[in-house]
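All you need for my numbering is the position in the sequence shown, starting with 1, plus 13.
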Amino acid sequence: MQPLSLNIPAIETERLILRAPGEADFEAEAEFYASDASRFVGGPKRPDETWRSLAGMIGHWVMRGYGFWGVDDKESGTYLGHVGLWNPHGWPEPEIGWALMSHATGRGYATEAARAARAHAYDVLGWPTAISLIDPDNAASQAVARRLGAAYEDRFVHPQFGTMEIWRHPAPDLRKDAV
14 MQPLSLNIPA IETERLILRA PGEADFEAEA EFYASDASRF VGGPKRPDET
64 WRSLAGMIGH WVMRGYGFWG VDDKESGTYL GHVGLWNPHG WPEPEIGWAL
114 MSHATGRGYA TEAARAARAH AYDVLGWPTA ISLIDPDNAA SQAVARRLGA
164 AYEDRFVHPQ FGTMEIWRHP APDLRKDAV
């Protein structure tokens, strides 16, 4: 049987490479999701649950034609987390999401990668709008959303994840990073 081939575009920013997620990301993801640092993004999780989540991220590319990228530091090659476009069943709208490993926070990586993902959503996929769903207690992600020009809009209650805030990104022609 021939393996499934996906055409997941790589995106480079000043400091980062957004590339196809893969099984090589599992150990770092499992370590992150085993910790309390993952509490705002569906964790903590057991390793088997994290493996299925990673498989789901890869499968999202197959089903939707977009998804989360693995994010690497361009200089060192270090895996930093996953950032990208997400719209699974039950989501209110297409989302720009981010989850960085604990060693990668506080350096602007989430903002830089999310800005590149949003540019792909708007400029390549033609999205007219995007949201980010953020836990009401996640001040760090709220700050990222603000740096991206997003504004709090409403709340959304998901049956598994509970109450999340909807942060609306500026329309394609209103964002500061528009080409």
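We put the CB at the ideal spot given by N, CA and C, even for glycine.
What you are looking at is a predicted structure, and each value in this text was computed from that prediction instead of being measured.
**OP:** May I have the straight-line CA-CA distance separating Thr-23 from Pro-105, to the nearest angstrom?
**Re:** Taking the first residue of the sequence shown as position 1, residue 23 is located at position 10. Taking the first residue of the sequence shown as position 1, residue 105 is located at position 92. The residue asked about is misnamed: residue 23 is Ala in this sequence, not Thr. So the two alpha carbons sit approximately 27 Å from each other.
Original post:
What are the uninterrupted segments assigned as beta strand (DSSP E) that are 3 or more residues long and contained completely in the region 89 to 164, given in chain order?
Top reply: 92 to 99, 108 to 113 and 144 to 147
**OP:** Would you kindly work out how many angstroms separate the C-alpha atoms of Val-54 and Glu-27, rounded to a whole number?
**Re:** Taking the first residue of the sequence shown as 1, we reach residue 54 at position 41. Taking the first residue of the sequence shown as 1, we reach residue 27 at position 14. Approximately 26 Å between the Cα atoms of the pair.
Subject >> Buried versus exposed call for Ala-152 [16 or more other C-beta atoms within 10 Å across all chains shown] >> reply: As a first step, residue 152 is located in the sequence shown; it is residue number 139 there, counting from the start. With fewer than 16 other beta carbons inside 10 angstroms of its own, Ala-152 counts as exposed.
**OP:** Would you kindly work out how many angstroms separate the C-alpha atoms of Ser-51 and Phe-45, rounded to a whole number?
**Re:** Residue 51 sits at position 38 when you count from the first residue of the sequence shown. Residue 45 sits at position 32 when you count from the first residue of the sequence shown. Rounded to whole angstroms, Ser-51 to Phe-45 spans 6 Å at the Cα level.
**OP:** May I ask you to report which of helix, strand or coil DSSP gives Thr-26?
**Re:** Residue numbering aside, residue 26 sits at position 13 when the sequence shown is read from its first letter. Correct three-state label for Thr-26: coil.
Original post:
Taking the continuous beta strand (DSSP E) assigned at Asp-86, which residues delimit it?
Top reply: Position 73 of the sequence shown, counted from the first residue, corresponds to residue 86. Note, Asp-86: beta strand (DSSP E), 81 to 86.
Original post:
First and last residue of the alpha helix (DSSP H) that includes Gly-69?
Top reply: Within the sequence shown, residue 69 is the residue found at index 56, counting from 1. It spans 60 to 77 - the alpha helix (DSSP H) in which Gly-69 sits, taken as one unbroken run.
**OP:** Using a threshold of 8 Å, state whether the C-beta atoms of Ile-21 and Trp-74 are closer than that.
**Re:** Your numbering for residue 21 matches position 8 in the sequence shown. Your numbering for residue 74 matches position 61 in the sequence shown. Yes. Within cutoff.
Original post:
Mapping DSSP to helix, strand and coil, what is Asp-167?
Top reply: Numbered from 1 along the sequence shown, position 154 holds the residue referred to as residue 167. Of the three classes helix, strand and coil, the one that applies to Asp-167 here is strand, per DSSP.
**OP:** In the DSSP assignment, find the alpha helix (DSSP H) that holds Glu-36 and state where it starts and stops.
**Re:** Here residue 36 refers to the residue found at position 23 when the sequence shown is read from its first residue. No alpha helix (DSSP H) contains Glu-36, which DSSP labels as neither H nor E.
Subject >> Distance, Ala-164 Cα to Ser-89 Cα >> reply: Here residue 89 is taken as the residue at index 76 of the sequence shown, counted from 1. Here residue 164 is taken as the residue at index 151 of the sequence shown, counted from 1. The alpha-carbon separation between Ser-89 and Ala-164 amounts to approximately 33 Å.
**OP:** Taking Ile-179 as part of the beta strand (DSSP E), name the residues at either end of that continuous run.
**Re:** Taking the first residue of the sequence shown as 1, we reach residue 179 at position 166. That run of the beta strand (DSSP E) goes 175 to 181.
Original post:
By how many angstroms is the C-alpha of Val-84 removed from the C-alpha of Glu-25?
Top reply: Position 12 of the sequence shown, counted from the first residue, corresponds to residue 25. Position 71 of the sequence shown, counted from the first residue, corresponds to residue 84. Taking the CA atoms as reference points, Glu-25 sits about 10 Å from Val-84.
Original post:
Under the three-state reduction of DSSP, which class applies to Ala-50: helix, strand or coil?
Top reply: The sequence position of residue 50 within the sequence shown is 37, counting from 1. Here Ala-50 sits in helix by DSSP.
Original post:
Alpha carbon to alpha carbon, what distance is there between Asp-86 and Thr-63?
Top reply: Position 50 of the sequence shown, counted from the start, is the residue given in the question as residue 63. Position 73 of the sequence shown, counted from the start, is the residue given in the question as residue 86. Rounded to the nearest angstrom, the two C-alpha atoms are 22 Å apart.
Original post:
For Ala-43, does the three-state DSSP call read helix, strand or coil?
Top reply: Locating residue 43 in the sequence shown gives position 30, counting from the first residue. Note: Ala-43 maps to helix in three-state DSSP.
Original post:
In chain order, what residues of the same chain lie with their CB nearer than 8 Å to the CB of Ala-134, ignoring the 5 residues before and after it?
Top reply: Position 121 of the sequence shown, counted from the first residue, corresponds to residue 134. Counting only Cβ-Cβ distances below 8 Å, and skipping sequence neighbours, we find Tyr-79, Leu-98, Pro-107, Ile-109, Trp-140 and Ala-143.
**OP:** Note down, in chain order, each residue of its chain lying with its Cβ closer than 7 Å to the Cβ of Arg-160, except the 5 sequence neighbours on either side.
**Re:** Counting from 1 along the sequence shown, the entry for residue 160 is found at position 147. Correct list, in chain order: Thr-124.
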